[in-house]
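Enquirer: Take this structure first; my questions come after.
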Amino acid sequence: MKAFLALLLFLHLAVLSHADDRPNVIVILTDDMGFSDLGCFGGEIDTPNLDKLAKNGLRFTEFYNTARCWPTRATLLSGIYSNGLGNGQVTIAELL
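Mapping the sequence shown onto UniProt numbering, position 22 (from 1) lands on 22, and the numbers just tick up by one.
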């Protein structure tokens with residue numbers, strides 16, 4: 001029994017030593033929403049699951065959007081506002 005527990009402890013420690021150090025990130029991108037549409041920002045729409053994520057996680061309260069949808073997606077994927085990337089700039093995607 002002691003050998004089994006020792007093996008189990010060893011396997012558990014081996015798994016923990018190879019755990020990924022990167023954070024868990026969930027990005028939810030929606031179109032046609034105002035700042036106060038979600039319940040976590042004081043909106044009237046009932047969003048209990050998103051409210052729970054916002055309560056236990058990180059909420060971004062300073063953000064910008066453009067009239068077209070593709071610059072928003074490009075900004076989200078690159079980490080740079082849609083006015084363009086300069087040569088040699090490192091993006092969030094490259095860092096992750």
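C-beta: ideal position from N, C-alpha, C; glycine also.
(1) Distance check for leucine 58 and glutamate 94, CA to CA, integer angstroms please.
(2) Measure the Cβ-Cβ separation of arginine 22 and leucine 76 and say whether it is below 8 angstroms.
(3) Note the first and the last residue of the continuous alpha helix (DSSP H) segment covering aspartate 51.
(4) Verify whether the separation of the beta carbon atoms of leucine 79 and threonine 91 is less than 8 angstroms.
(5) Taking the alpha carbon of valine 25 as the reference point, which residue from Gly34, Asn56, Tyr81 has its own alpha carbon closest?
Expert: Result, derived from the coordinates:
(1) The residue given as residue 94 occupies position 94 in the sequence shown. The residue given as residue 58 occupies position 58 in the sequence shown. Those two C-alpha atoms are separated by around 22 angstroms.
(2) Against the sequence shown, residue 22 aligns to sequence position 22. Against the sequence shown, residue 76 aligns to sequence position 76. No, Cβ-Cβ distance for arginine 22 and leucine 76 is not below 8 angstroms.
(3) Here residue 51 refers to the residue found at position 51 of the sequence shown. Here the alpha helix (DSSP H) through aspartate 51 covers 48-56.
(4) Here residue 79 refers to the residue found at position 79 when the sequence shown is read from its first residue. Here residue 91 refers to the residue found at position 91 when the sequence shown is read from its first residue. A small correction: the amino acid at residue 79 is glycine; leucine does not occupy that position in the sequence shown. Yes, the pair counts as a contact, with Cβ atoms nearer than the cut-off.
(5) Locating residue 25 in the sequence shown gives position 25, counting from the first residue. Closest in C-alpha terms to valine 25, from the list Gly34, Asn56, Tyr81, comes Asn56.
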